[in-house]
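S.K.: Numbering (my numbering), first residue to last: 6 to 242.
Idealized CB from N, CA, C, for every residue including glycine.
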Ligand SMILES: NC(=O)c1ccc[n+]([C@@H]2O[C@H](COP(=O)([O-])OP(=O)(O)OC[C@H]3O[C@@H](n4cnc5c(N)ncnc54)[C@H](OP(=O)(O)O)[C@@H]3O)[C@@H](O)[C@H]2O)c1
């Protein structure tokens, strides 16, 4: 049975990734910051069956690396897939209101964390040589719309990182893909309250990516409800 390492597992998007992994009969290795976050994930999923929790600070440059070290030591389950969606504030503050502290904390939470997740797991996946390995990064349309300047700038950096990772893995055993999301997704309970798309519905997209070997070094675009049912993607080069 395969395992998906999910970084940002307790967020709106991470919960969808966990659901997709479990529905596709895979186990999950969920990186969480503490027991409270682990409990939150179990509440959203409805059970802890198939989920192993690894506590780590994903904002630190040794957080995910420490998890991979434990996998290598046999203390945590081996994984074949990675999904990453750590995120910072979804704030509307204008560029001139962004303090240096806000800039640093958001770049750390939304960009550095996802960069560390990639940098410190890709070597392991390449070494394992599993021909069906995947690495998926969630990005958002704010990076182009910039209606929310702070999250927009972090997405801009993630776009470039995605393209570099897609390039580096064009011919490796790891199918790297960027999952570009153009509308709001929230955990089911919040989604109902706010009239946005539920994580449990959005989960279908990651299930499709996992099951589509032809989708590689691509941007998978999810612009509307139809794109949840049928993958819309283009290769980056
Ligand atoms: N939701 C959307 O509609 C949407 C749309 C487009 C793109 N995206 C992309 O997906 C990313 C995540 O979005 P989301 O809605 O899932 O965000 P979210 O619900 O706020 O979840 C963020 C995740 O990052 C973790 N995290 C945040 N700050 C942390 C910290 N200081 N230390 C440890 N963990 C921390 C959270 O852990 P805790 O649960 O422990 O706080 C959670 O797992 C966005 O940044 C963006 O790149 C999302």
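Return yes when at least one heavy atom of ligand 1 lies under 7 Å from the C-beta of residue 18, else no.
M.R.: Checking the Cβ of residue 18 against ligand 1 gives yes.
S.K.: What three-state label does DSSP hand residue 224 in the structure shown?
M.R.: Correct three-state label for residue 224: strand.
S.K.: Would you say the beta carbon of residue 38 is closer than 7 Å to some non-hydrogen atom of ligand 1?
M.R.: Within the cutoff, so yes.
S.K.: Please report the straight-line C-alpha distance between residue 164 and residue 118, rounded to a whole angstrom.
M.R.: Approximately 14 Å between the Cα atoms of the pair.
S.K.: Identify whether residue 238 lies in helix, strand or coil by the three-state DSSP scheme.
M.R.: Here residue 238 sits in strand by DSSP.
S.K.: With DSSP as the reference, please indicate the residues paired to residue 145 in a beta bridge.
M.R.: The partner list for residue 145 (beta bridge, DSSP) reads 186.
S.K.: Between residue 122 and ligand 1, is the CB less than 7 Å from at least one heavy atom?
M.R.: Because no heavy atom of ligand 1 lies under 7 Å away, the Cβ of residue 122 does not count as near it: no.
S.K.: Hey, is the segment 64-75 in contact with the segment 160-174, meaning 3+ C-beta pairs nearer than 8 Å?
M.R.: Output reads no: the segment 160-174 does not touch the segment 64-75.
S.K.: How many whole angstroms separate the CB atoms of residue 225 and residue 180, which I take to be in contact at a CB cut-off of 8 Å?
M.R.: That belief does not hold up - the Cβ atoms of residue 225 and residue 180 are roughly 11 Å apart, past 8 Å.
S.K.: Could you name each continuous beta strand (DSSP E) segment of 3 residues or more that falls completely within the segment 79-112, going from the start of the chain to the end?
M.R.: Complete beta strand (DSSP E) runs here, min 3: 86-89.
S.K.: With respect to the beta strand (DSSP E) encompassing residue 11, which residues constitute its N-terminal and C-terminal limits?
M.R.: Residue 11 -> beta strand (DSSP E) spans 8-12.
S.K.: For residue 35, write down the residues that DSSP places opposite it in a beta bridge.
M.R.: Residue 35 is bridged to 11 and 58.
S.K.: Taking the beta carbon of residue 183 as the centre, do at least 16 other beta carbons fall within 10 Å, making it buried, or is it exposed?
M.R.: Buried.
S.K.: I need the DSSP call for residue 137, collapsed to helix, strand or coil.
M.R.: The answer is coil: DSSP assigns residue 137 none of H, G, I, E or B.
S.K.: Can you list, in chain order, the residues of its chain whose CB lies under 8 Å from that of residue 131, leaving out five sequence neighbours each side?
M.R.: For residue 131, where only same-chain residues beyond five positions count, the Cβ hits under 8 Å are 177, 178 and 179.
S.K.: Comparing C-alpha positions only, which one of 84, 125, 203 and 134 sits nearest to residue 19?
M.R.: With distances taken between Cα atoms, residue 19 lies closest to 203.
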